[in-house]
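Going line by line, the protein sequences match chains A and B.
Quick note, in the UniProt record's numbering, the first sequence goes up one by one and the last residue is 213.
Quick note, in the UniProt record's numbering, the second sequence goes up one by one and the last residue is 213.
Below is one structure, written out as structure tokens; comments come after it.
Number of protein chains: 2
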Amino acid sequence: MLRIALSDDHQLFRKSLVLLVNSFEGMQVVLEAADGKELLEKLKTTRVDILLLDLQMSGMDGFETALEISKHYPEIKILVLTLLNEKDTIKKVMKLGVQGYFTKNTNPNELKNAILKLNDQGFYFEENLTSIVQDIIDSSAAVKRSQPVTFTEREMQIVHLILKEYNGNEIGKRLNISPRTVEKHKRNLMDKTGSKNFIGVITYALLHDFLSI
Amino acid sequence: MLRIALSDDHQLFRKSLVLLVNSFEGMQVVLEAADGKELLEKLKTTRVDILLLDLQMSGMDGFETALEISKHYPEIKILVLTLLNEKDTIKKVMKLGVQGYFTKNTNPNELKNAILKLNDQGFYFEENLTSIVQDIIDSSAAVKRSQPVTFTEREMQIVHLILKEYNGNEIGKRLNISPRTVEKHKRNLMDKTGSKNFIGVITYALLHDFLSI
DNA sequence: TAAACAATACGTGTTTTTACGTAATTTTCG
DNA sequence: CGAAAATTACGTAAAAACACGTATTGTTTA
Numbered sequence: 001m002l003r004i005a006l007s008d009d010h011q012l013f014r015k016s017l018v019l020l021v022n023s024f025e026g027m028q029v030v031l032e033a034a035d036g037k038e039l040l041e042k043l044k045t046t047r048v049d050i051l052l053l054d055l056q057m058s059g060m061d062g063f064e065t066a067l068e069i070s071k072h073y074p075e076i077k078i079l080v081l082t083l084l085n086e087k088d089t090i091k092k093v094m095k096l097g098v099q100g101y102f103t104k105n106t107n108p109n110e111l112k113n114a115i116l117k118l119n120d121q122g123f124y125f126e127e128n129l130t131s132i133v134q135d136i137i138d139s140s141a142a143v144k145r146s147q148p149v150t151f152t153e154r155e156m157q158i159v160h161l162i163l164k165e166y167n168g169n170e171i172g173k174r175l176n177i178s179p180r181t182v183e184k185h186k187r188n189l190m191d192k193t194g195s196k197n198f199i200g201v202i203t204y205a206l207l208h209d210f211l212s213i
Numbered sequence: 001m002l003r004i005a006l007s008d009d010h011q012l013f014r015k016s017l018v019l020l021v022n023s024f025e026g027m028q029v030v031l032e033a034a035d036g037k038e039l040l041e042k043l044k045t046t047r048v049d050i051l052l053l054d055l056q057m058s059g060m061d062g063f064e065t066a067l068e069i070s071k072h073y074p075e076i077k078i079l080v081l082t083l084l085n086e087k088d089t090i091k092k093v094m095k096l097g098v099q100g101y102f103t104k105n106t107n108p109n110e111l112k113n114a115i116l117k118l119n120d121q122g123f124y125f126e127e128n129l130t131s132i133v134q135d136i137i138d139s140s141a142a143v144k145r146s147q148p149v150t151f152t153e154r155e156m157q158i159v160h161l162i163l164k165e166y167n168g169n170e171i172g173k174r175l176n177i178s179p180r181t182v183e184k185h186k187r188n189l190m191d192k193t194g195s196k197n198f199i200g201v202i203t204y205a206l207l208h209d210f211l212s213i
């Protein structure tokens, strides 16, 4: 059962939205708030999976709220509901950690689909926003392309052995090198991919197609 | 009517076993195979309830067969027939998802009883094996592995946060739970996926499509 | 309503990984 | 050949993860 939070300062709209969402199978509104402040307060005691967030709320505004939520509750997926449809606004909220965007004048039946996709895929954007998304993805990919990271053969060997769940000691034995050397390789990989731990190296390699499992 | 499959490489024994089983009320042999390969082939077109599986088959051996069957046809209950009676062997097959064990030198009249009990209770073991069974059921994570592994919502949250390279402490803070609880979730995940470390959990989830990055 | 599952939490360790630095050998290649 | 890159290795210490156990509290569900 998906636990939905709903934040919108228009009570009538909010209440009907509650009814709509509750009519969908597999999800339920567990939290309602009129503004960001109330929302943050209630989140302290209520666990939610997905937040439907209005962008025109009075009081603490939607941008600020989105930022706070994604900082304090990164596990909550945020679907922004708004009347706005301008490229810049969209980009702006996306940078705040929002995983979905839904304009209020879109067909309400699509909302269920949006929530489910957001939950399954981790993101949802309306069809017509594809180009914007692509823009953003491209621009962030360009940053990565400017600093080409490659793994050496030895490093790849080590990645593979780590995927087989060998620890540093065992890898050293298999490769006939000191465990310290294995550590050094691991550290180099973390440094060059900017990871805090080796899981970051693995995901980096997967995302950059150095690796497939 | 119980649909029985029978796999044994000794044709004489197999044929007489067919007669024996067919003489029992309420059950019928619907499939015969000399080895694991043939068995798997025939299972594609024949539905069976219970499989009587010999452990000394040539070709693909019984262990491997049991593993394949329980993986692809978890609904089929497997009763192993064997001459072996050693604790280790018994444990080994049980970990493969076998629900019953029957030594060939036991009274044949007991076979009907074994099949019926296996069907009704979901398991059957000869009296003297009870302690071994209890041992394994209590202690073995491998038993769990033979059942379909699923991640709970909370576990998925934690997987996602770990992918974001948060450490246990940080995850605890973000989710408002104790770091110890996070550790517990991680350990449960490692247990249920049979991993030595969390990288194993990640790859398991990726391979089983719980997760995409 | 009992049983199973999920989520929570702690104790008491041990093992492994990570951090940060330095530096000596190969190996590769312009 | 000589510079750059890759591989090797170690010291010291702190942080994090892992192992294995127990236990309470809700929630689902057969």
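Ideal Cβ positions, reconstructed from N, Cα and C, are used throughout, including at glycine.
Since this is a predicted model, take the numbers as computed values, not measurements.
- Any Cβ of chain B closer than 8 angstroms to the Cβ of Ile199 (chain A) would place that residue at the interface, and such an atom is present.
- For Arg174 (chain B), the chain A residues whose Cβ falls inside 8 angstroms of its Cβ are His72, Tyr73, Pro74 and Glu75, in order along the chain.
- Proximity of chain A to Glu165 (chain B) at the Cβ level (cut-off 7 angstroms) is accounted for by Ser195, Lys196, Asn197, Ile199 and Gly200, in chain order.
- Bounds of any alpha helix (DSSP H) do not take in Ala34 (chain A), whose DSSP letter is neither H nor E.
- Close to Leu207 (chain B), with beta-carbon spacing below 9 angstroms, are these residues of chain A in chain order: Ile213.
- In the structure shown, Asp54 (chain A) falls within a strand segment according to DSSP collapsed to helix, strand and coil.
- Assignment of beta-bridge partners to Thr193 (chain A) by DSSP yields no partner.
- For Ile162 (chain B), the closest Cβ of chain A is nearer than 8 angstroms.
- For Leu79 (chain A), the uninterrupted beta strand (DSSP E) run begins and ends at Lys77 to Thr82, by DSSP.
- Judged by DSSP in its simplified three-state form, Arg3 (chain A) adopts strand.
- For Gly26 (chain A), there is no enclosing alpha helix (DSSP H), since its DSSP letter is neither H nor E.
- Listed along the chain, the chain A residues whose CB falls inside 9 angstroms of the CB of Thr203 (chain B) are Leu163, Glu165, Ile202 and Ile213.
- Chain A places a beta carbon closer than 8 angstroms to that of Gln157 (chain B), counting this residue as a contact.
- In the assembly as shown, Gly36 (chain A) is a buried residue. Its beta-carbon has 16 or more other beta-carbons within 10 Å.
- One Cα belongs to Arg47 (chain B), the other to Leu2 (chain B), and the distance between them is close to 10 angstroms.
- Beta-bridge partners of Thr103 (chain A) (DSSP): A:Thr82.
- Classified as buried, Asp54 (chain B) has 16 or more neighbouring CB atoms from the shown chains inside 10 Å of its CB.
- For the pair Leu17 (chain A) and Leu31 (chain A), the CB atoms are not nearer than the 8 angstroms cut-off.
- Beta-bridge partners assigned by DSSP to Phe125 (chain A): A:Tyr101.
- Rounded to the nearest whole angstrom, the C-alpha separation of Thr103 (chain A) and Lys117 (chain A) is 16 angstroms.
- Distances from the alpha-carbon of Asn167 (chain B) to those of A:Lys196, A:Leu111, A:Ala66 and A:Lys15 put A:Lys196 closest.
- Separation of Asp120 (chain A) and Gly194 (chain A) (C-alpha to C-alpha, rounded to the nearest whole angstrom) is 27 angstroms.
- Here DSSP, grouped into helix, strand and coil, assigns Leu175 (chain A) to helix.
- Bounds of the alpha helix (DSSP H) holding Tyr204 (chain A) are Phe198 to Leu207.
- Contact between Ile76 (chain B) and Leu51 (chain B) holds, since their C-beta atoms are separated by about 5 angstroms, short of 8 angstroms.
- Straight across, the Cα-Cα distance linking Gly26 (chain B) with Val29 (chain A) is about 51 angstroms.
- Distance from the CA of Phe24 (chain B) to the CA of Leu40 (chain B), rounded to the nearest whole angstrom, comes to 25 angstroms.
- For His160 (chain A), the uninterrupted alpha helix (DSSP H) run begins and ends at Glu153 to Leu163, by DSSP.
- Secondary structure at Val18 (chain A): helix, using DSSP grouped into helix, strand and coil.
- Spatial neighbours of Lys112 (chain B) in its own chain (CB-CB distance under 6 angstroms, excluding positions within 5 residues in sequence) are listed in chain order as Phe24.
- The shortest CA-to-CA distance from Glu155 (chain A) to any of A:Lys184, A:Gly200, A:Ser178 and A:Lys164 is the one to A:Lys184.
- The Cβ-Cβ distance between Val201 (chain A) and Met190 (chain A) falls below 8 angstroms.
- Between Ile199 (chain A) and Glu165 (chain B) a beta carbon distance of about 7 angstroms is seen, short of the 8 angstroms cut, so the two are scored as contacting.
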